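Protein chains: 2
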Amino acid sequence: MPTPDRTSLEAIVSAGRDILEASGPGGLTMNAVAERVGVKAPSLYKRVRDKDALFRLVADATISDLTTSLHGPTLRDLAVAMRSFAQTRPQGFRAIFTTGASPEAIAAASEPVLRACRNLVGEERALDAARTVTSWAYGFITMEMSGAFQLGGDIDSAFEAGIDLLTQALSEPQARA
Amino acid sequence: MPTPDRTSLEAIVSAGRDILEASGPGGLTMNAVAERVGVKAPSLYKRVRDKDALFRLVADATISDLTTSLHGPTLRDLAVAMRSFAQTRPQGFRAIFTTGASPEAIAAASEPVLRACRNLVGEERALDAARTVTSWAYGFITMEMSGAFQLGGDIDSAFEAGIDLLTQALSEPQARA
DNA sequence: ACCTGAACACCGTTCAAGT
DNA sequence: ACCTGAACACCGTTCAAGT
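Heads up: the sequence lines are chains A and B, in that order. The first sequence begins at 212 in the numbering used here and counts up one residue at a time. The second sequence begins at 212 in the numbering used here and counts up one residue at a time.
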């Protein structure tokens, strides 16, 4: 005898995101998700293969939000947007590269950066440039969040110095083959 | 009646590093460490506050090895050394910023980068420059390891393009206040 | 003074039994 | 067709009891 569903994949992923942000990766347990969703833990396995798959769904939903918040034509706009996203959702941001989001989701997030780079350096050098800028922004934000910048100096202005250096270097006519 | 020690903090940390590299963070359990060290799990608590503290000791030992392997005067030398360290000890490299190594250990690792930057841009801009270069290198290596570069193109040459761009930009007379 | 067995609370996951 | 209680193997951690 069929029973009306008491939850949904969407609700499960959404609960997972809230719990991750509130309690960190250690707090994201099957039990915690089940409880928030109004069900017992074993029921989650009807909708999700295992905890790892749930974690990946959370990472995917997060990178998709990141992509949405990435607007503005310049590299500075994009870098600033990425940093403020990370500040409001630090755990989710971390999960993106910790767990590994799906290739499609990563490709979508790359689009705005690639476009900005194409404008600066042209089609041929755009991919390398995008990788350099994304690596820098991701590295800076991650190091900042983990408290790795401890040698003094202003961190906001270090971020500005980085984006200035990169933008300026990519705006130049071109140096070497 | 005192008993001769059956293990040591050093042996515990060393076992932790081996296990982390061999089995990943999920495999680094108190039980696994105890067994490799020839003792039962509860005994570890005589030498280590808890699992988290053990994890931090492992991260510290790893960043200290990283520091040792960071030689060469140019930023390219340092970036290449960092990448090859990460390739031989991926799990340990990840743990450095995941768990957060100690401020002193991070400061020691920063020294060679700071020195190379001082040569290029002078004392005043050295810290910002070091942060930009380190962020880029760390971000690139982390993204590469997590399989985030999926849009084609050669990854080695993207790494070269990054280090070229940064070195070149930092070598220039100076652009703006 | 270190080591251990036993115990506790908590994981993730499976599965037969309920509706 | 979904949901659950019970069960399993495995965590991290504490502590009284051994030597």
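Even for Gly, the Cβ is constructed at its ideal location relative to N, Cα and C. Note that the structure is a prediction, hence the values are computed from the model and not measured.
Check, Outcome
"Terminal residues of the alpha helix (DSSP H) in which R329/B lies", "314–356"
"Meets three-Cβ-pair contact criterion under 8 Å: the region 306–318 of chain A and the region 353–370 of chain B", "yes"
"Buried/exposed call for R342/A, threshold 16 Cβ in 10 Å", "buried"
"First and last residue of the uninterrupted alpha helix (DSSP H) at S295/B", "286–299"
"Beta-carbon neighbours of D339/B, restricted to chain A and to distances below 8 Å", "G364, S368, A369, A372, G373"
"N- and C-terminal bounds of the alpha helix (DSSP H) containing L377/A", "366–382"
"N-terminal and C-terminal residue of the alpha helix (DSSP H) that G235/B is part of", "220–238"
"Classification of S321/A by the beta-carbon crowding that lies within 10 angstroms, buried from 16 upward", "buried"
"Chain A residues whose Cβ lies nearer than 7 Å to that of S357/B", "F308, G311"
"Neighbour flag for S346/A against chain B, beta carbons, 7 Å", "yes"
"Cβ neighbours of V332/A in the same chain (closer than 7 Å, five flanking residues each side left out)", "A340, L381"
"Of the residues D216/A, A264/A, S225/A, the one placed nearest D276/A, counting alpha carbons only", "S225/A"
"Alpha-carbon to alpha-carbon, P284/A and R300/A", "23 Å"
"Chain-order list of residues whose beta-carbon lies under 6 Å from that of L268/A (same chain, five-residue window excluded)", "V224"
"Residue-chain proximity (A290/B, chain A), Cβ-Cβ < 7 Å", "no"
"Helix, strand or coil at G363/B according to DSSP, with G and I counted as helix", "coil"
"Chain-ordered chain B contacts of M354/A [CB-CB under 9 Å]", "F308, R342, T345, S346, Y349, G350"
"Closest by C-alpha distance to K262/B, when choosing among T345/B, A327/B, L231/B", "L231/B"
"G238/A burial status per 10 Å Cβ neighbour count (16 or more: buried)", "exposed"
"Short CB-CB distance (under 7 Å) between A252/B and chain A", "no"
"Contact under 7 Å by Cβ, A297/B with A348/B", "no"
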